[in-house]
């Protein structure tokens, strides 16, 4: 690890925070999509619930909400993957340091 442990842990902490924020934003987008869907169903003039749901899902507003939700989920997944990659690097560093300490004891 070329950077200091303190710097690396700062990056890991920041990445974990960003992943949590991204997940919260994705959760919020998903809930908003559900609200919009319900509003569209309630506003529909369809004679049956099934027809109202199909009409709602076909609407431009619902498509936009679905796209926004998928984009938020993608950002959250990428942020989580980034944080997990940093966590794996940290675990590799810890393992390397432990091995070096054991080797020092054997000398």
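Residue numbers (the numbering used here): 172 to 278. A virtual CB, placed ideally from N, CA and C, is assigned to each residue, including glycine.
Under a three-way DSSP split, which group does residue i fall into?
i	result
residue 152	As displayed, the chain neither begins before 172 nor continues past 278, which places residue 152 out of reach and without an answer.
residue 189	helix
residue 235	helix
residue 182	helix
residue 266	helix
residue 216	coil
residue 228	helix
Closer than 8 Å by C-beta to residue i: which residues in its own chain qualify, once you throw out the five before and the five after it? Chain order, please.
i	result
residue 261	179, 180 and 183
residue 204	233, 236, 237, 239 and 240
At least one CB of chain B closer than 9 Å to the CB of residue i: is that the case?
i	result
residue 237	This model lacks chain B altogether, as it is built from one protein chain only.
Taking residue i and residue j to be in contact with their CB atoms under 8 Å, please state how far apart those CB atoms are, rounded to whole angstroms.
i	j	result
residue 254	residue 186	4 Å
residue 229	residue 212	At roughly 12 Å, the Cβ-Cβ gap does not stay under 8 Å, so residue 229 and residue 212 are not in contact.
What's the call for residue i, buried or exposed, on a 16-neighbour Cβ count within 10 Å?
i	result
residue 176	exposed
residue 240	buried
residue 217	exposed
residue 200	buried
residue 190	buried
residue 243	buried
residue 250	buried
residue 221	exposed
Can you find the residues in the same chain that come closer than 7 Å, C-beta to C-beta, to residue i, ignoring five residues on each side of it along the sequence?
i	result
residue 140	Any question about residue 140 goes unanswered here, given that the chain covers just 172 to 278.
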